[in-house]
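Read in the working numbering, the sequence shown has 46 at position 46, and its numbers run on one by one without any break.
Positions of the beta carbon are idealized from the N, C-alpha and C atoms, including for glycine.
Owing to the predicted nature of the structure, the values given are computational and were not obtained by experimental measurement.
Down below is the structure, laid out as structure tokens.
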Amino acid sequence: MFGARGRVGNLVVFKNFGSNQTVISRLKRKVKNPVYTNKQEEVKYKFKEAVIYARGIVGDPDLLAFYQKFAKPGTSAYNLALADFCKAPEIRLIDTDNYLGQIGDKIRARVIDNFRVMAVKISIYDASDTLIESGLAILAANSVDWLYETTLANGNLAGTKIVAEATDMPGNTTSKTVVI
């Protein structure tokens with residue numbers, strides 16, 4: 001039965017998945033003139049952007065090869081790129097235990113994503129929200145932690161805010177703030 005696809009009247013539809021799986025299902029009925037909420041419109045718009053991103057990935061041989069490494073049977077690089085666009089990176093931890101306000105202190109951010117985190121930016125603000133310093137963190141050997149080495153001294157740690165901002169391949173950005 002593999003290879004059959006399409007629909008039979010207005011009753012059933014044949015769909016192919018993977019390399020050897022055919023599914024027969026009832027034809028879904030569409031609502032005429034649907035009314036969407038604002039949240040549904042936002043989701044539709046984000047999905048349109050994700051489709052454009054995934055099409056761009058398929059057109060770029062290097063990025064296509066990157067996503068194909070993760071593809072399992074039944075999924076494609078296109079599907080994975082679509083999923084990557086829809087999920088922003090997650091900042092699990094901002095470790096400030098080694099930050100004492102001195103030059104060369106280390107701030108560690110643990111950031112995960114379903115595929116790849118491209119950059120992590122660390123910004124340090126004083127108690128009055130004035131930027132002390134900002135810069136890109138470096139990926140640690142464990143491929144999960146990002147390390148930032150401070151370049152300026154901070155004499156007053158009370159109320160200091162550390163902001164981590166992570167960006168993934170599609171450009172999704174997440175930020176997290178920790179107050180010392």
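Roughly how many whole angstroms lie between the Cα atoms of residue i and residue j?
i, j, result
"G159", "D97", "15 Å"
"K48", "K106", "40 Å"
"E165", "N33", "41 Å"
"G104", "N20", "57 Å"
"F115", "N172", "12 Å"
"Y45", "D168", "20 Å"
"G135", "I162", "12 Å"
"D257", "N156", "Only positions 1 to 180 of the chain appear in the structure, and residue 257 is not among them; the question remains open."
"D60", "V117", "19 Å"
"T22", "R29", "21 Å"
"L128", "I91", "Note on residue identity: the sequence assigns Ser, not Leu, to residue 128. Roughly 24 Å separates the two Cα atoms."
"L93", "N142", "15 Å"
"V35", "L11", "26 Å"
"Q40", "N16", "28 Å"
Drop a sphere of 10 angstroms on the beta-carbon of residue i, count the other beta-carbons inside from all chains shown, and report buried for 16 or more, exposed for fewer.
i, result
"L27", "exposed"
"I122", "buried"
"D113", "buried"
"E42", "exposed"
"R55", "exposed"
"T130", "exposed"
"A137", "buried"
"T37", "exposed"
Keeping to the same chain, check which residues put their C-beta closer than 8 Å to that of residue i; ignore five residues upstream and five downstream.
i, result
"R7", "V13, F14 and L27"
"I57", "L63, L64, Y67, A77, Y78 and A81"
"V144", "R110, V111 and I112"
"V31", "none"
Comparing C-alpha positions only, which one of the options sits nearest to residue i?
i, options, result
"F85", "S175, P170, I180 and F17", "P170"
"S25", "L157, R55 and G9", "G9"
"A119", "G101, P89, L131 and A141", "P89"
"S175", "A83, N20, R110 and K39", "R110"
"K87", "Y53, L93 and G59", "Y53"
"G18", "T177, R29 and G74", "G74"
"V179", "Y99, N38 and T150", "Y99"
"E149", "N16, A50, G101 and R92", "G101"
At the 8 Å Cβ level, is residue i part of the contact set with chain C, yes or no?
i, result
"G104", "Among the chains in the structure shown there is no chain C, since it carries only a single protein chain."
Tell me the DSSP bridge mates of residue i?
i, result
"S123", "S134 and V163"
"L80", "Paired residues: none, contrary to the question."
"T177", "V163"
"G6", "F14"
"K106", "E149"
For residue i, which residues of its own chain have a beta-carbon under 7 Å away from its beta-carbon, when the five flanking residues on both sides are left out?
i, result
"I132", "I124, Y125, D126, L152 and N154"
"L139", "W146"
"A71", "A77 and L80"
"A50", "L82, F85 and C86"
Less than 6 Å between C-beta atoms, sequence neighbours within five positions excluded: which residues of the same chain meet that for residue i?
i, result
"R108", "D95, D145 and L147"
"T177", "K161 and V163"
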